[in-house]
Amino acid sequence: MILKEHELRYKNNLPFQAELSKVSNLVPHRHDKELELVYCLDGTVHLEAADQKETLHAGQLHSIDFADIHCLWSDEDNTTLIFHLDLTHMPNWEYLRHVFFACEDAHLYPYQRRAMATVKDIVLSLSYAYLTGDLKDPERFDKPLEQLLDVLLQYFNWFNYDNQDDYMNVELYERFHRVLSYCINNYTKKITVSQLAAMENINRNYFSQFIGKTVFSSFSNMMNYIRCYHAEDLLLTTDMPNAEISYACGFSDPKYFYAAFKDLWGCTPSEHRQQYEEYYQECLRDPHNKKNETTLTDRRAASVLKEFIVQWHLAKTMESLV
536 MILKEHELRY KNNLPFQAEL SKVSNLVPHR HDKELELVYC LDGTVHLEAA
586 DQKETLHAGQ LHSIDFADIH CLWSDEDNTT LIFHLDLTHM PNWEYLRHVF
636 FACEDAHLYP YQRRAMATVK DIVLSLSYAY LTGDLKDPER FDKPLEQLLD
686 VLLQYFNWFN YDNQDDYMNV ELYERFHRVL SYCINNYTKK ITVSQLAAME
736 NINRNYFSQF IGKTVFSSFS NMMNYIRCYH AEDLLLTTDM PNAEISYACG
786 FSDPKYFYAA FKDLWGCTPS EHRQQYEEYY QECLRDPHNK KNETTLTDRR
836 AASVLKEFIV QWHLAKTMES LV
């Protein structure tokens, strides 16, 4: 199975697009520049992206980072809003290309609830404008898009994944971003704690403590994740043997690759490749998988979305009055 980038079409050269779908079995795919927000409006939708497996229920949203190989499926009636944002059109693309987001209703602390509501408000508004064709003045979308990214960066980046309040140490966040960027750009090479500590002008022990307080919990976990993340791409987009993939992604021995991948992805590299191959073939056999059968027309989608927006705002208003 050789996966390719799923190219998207945009109206009026806008950097975002939206579609409302009845998800059945969507073929595994990826986007090389788009952040995807999956918003289950009704029913239940299952999602797999990189090492994550989630079930979204009505009202739940989940972000998928660009370049994540992912798929969606459901065996029941559902209405799912899929929103894409082309990050290369954002002024800070070079910064964003090394940011991982975790905007997930399934992992939400109390302090993030208002931020999540803001994300949903913006996504719903932009999607409704897109689906109704109200796009005559593209510049009016600049501020909502900037606000969307600002909220995602402040509340839903991997650095504060385990934060239980809204305090974020900017200095440590920038350090995390620099270290992560360096490791992503050099994961095929040997990287050491001492090397990174020297790069940040701190001692080795302090650096280890710093990484230990992040989502990765240790330097080895961070490197294993980055390398396995890129290994998954080779597993699903090439026919390279597992051992070759191991060395290509910076592992010194295939046995370390197999152990790390199973620990992070929950299965061996061969099992992961086989599972995706079987699912891919299942998608091809599904008569409901054609895009024109699973995606609502813009007019119908706008009508459905309008009703959802009304109910969404009514629910928020009533909740705020309690």
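Heads up, the sequence shown is in this note's numbering, so the first residue is 536 and it goes up one at a time.
Every residue, glycine too, gets a C-beta built ideally from N, C-alpha and C.
query: Helix, strand or coil: which one does DSSP assign to H541?; result: coil
query: Counting along the chain, where does the beta strand (DSSP E) carrying Y574 start and finish?; result: 569 to 577
query: Alpha carbons only, please: which of V654, T653, S660 is nearest the one belonging to V845?; result: S660
query: Using the Cα positions of K724 and R762, report the straight-line distance between them to the nearest angstrom.; result: 10 Å
query: Go to K678, then tell me how far its alpha helix (DSSP H) extends in each direction, as first and last residue.; result: 677 to 690
query: With distances taken Cα to Cα, identify the nearest neighbour of T773 among V573, I719, P804.; result: P804
query: Have a look at the DSSP bridge pairing and note the partners of H564.; result: H605
query: What does a CB cutoff of less than 6 Å around Q647 pick up in its chain, not counting 5 residues either side in sequence?; result: Y690
query: Tell me, please, which residues DSSP counts as bridged to F551.; result: L620
query: Look up T832 in the DSSP assignment and say whether it is helix, strand or coil.; result: coil
query: For R649, is the classification buried or exposed, using 16 other Cβ atoms within 10 angstroms of its Cβ as the cut-off for buried?; result: exposed
query: Based on the DSSP secondary-structure assignment, which residues constitute the bridge partners of K588?; result: E583
query: Pull the bridge partners of L596 from the DSSP assignment, please.; result: Y574
query: Relative to the C-alpha of R565, which residue among L771, I719, K655, L596 is closest?; result: L771
query: Please confirm whether Q699 and Y644 have their CB atoms less than 8 Å apart.; result: yes
query: Is the beta carbon of Y665 sitting closer than 8 Å to the one on F551?; result: yes
query: For the candidate residues H765, N547, A732, C802, whose alpha-carbon lies nearest to that of F786?; result: H765
query: Have a look at L849 and T653 and give me their C-alpha separation to the nearest angstrom.; result: 15 Å
query: Are the beta-carbon atoms belonging to L622 and F601 less than 8 Å from one another?; result: yes
query: Using beta-carbon positions only, say whether I520 and P563 come within less than 8 Å of one another.; result: Nothing can be reported for residue 520, as the shown portion of the chain is limited to 536 through 857.
query: Buried or exposed: where does Y702 fall if 16 or more other Cβ atoms within 10 Å of its Cβ makes it buried?; result: exposed
query: Is the distance from the Cβ of D612 to the Cβ of K557 below 8 Å?; result: yes
query: Taking its Cβ as the centre, do 16 or more other Cβ atoms sit within 10 Å of M757, making it buried, or is it exposed?; result: buried
query: Out of F635, D656, K797, L616, state which residue places its alpha-carbon closest to the alpha-carbon of E767.; result: K797
query: Considering only DSSP beta bridges, list what T852 is partnered with.; result: Bridge partners of T852: none, in fact.
query: A783 to L840, Cα distance in whole Å?; result: 45 Å
query: Is the distance from the Cβ of L859 to the Cβ of V573 below 8 Å?; result: Within the shown structure, residues of the chain are numbered from 536 to 857, placing residue 859 beyond reach of any answer.
query: What is the DSSP secondary structure of S753, reduced to helix, strand or coil?; result: coil
query: Pick out whichever of Q809, A553, S729 has its Cα sitting closest to the Cα of F618.; result: A553
query: Which of helix, strand or coil does DSSP assign to E735?; result: coil
query: Would T615 be called buried (16 or more neighbouring beta carbons within 10 Å of its own) or exposed?; result: buried
query: Any idea if V705 is buried or exposed, counting beta-carbon neighbours within 10 angstroms, 16 or more meaning buried?; result: exposed
query: For F636, which beta-bridge partners are listed by DSSP?; result: N692
query: Considering only residues of the same chain and omitting the five flanking positions on each side of I719, which have a CB-CB separation below 7 Å?; result: H633, I761
query: Could you check whether D640 and M651 sit closer than 8 Å to each other, using their CB atoms as the reference points?; result: yes
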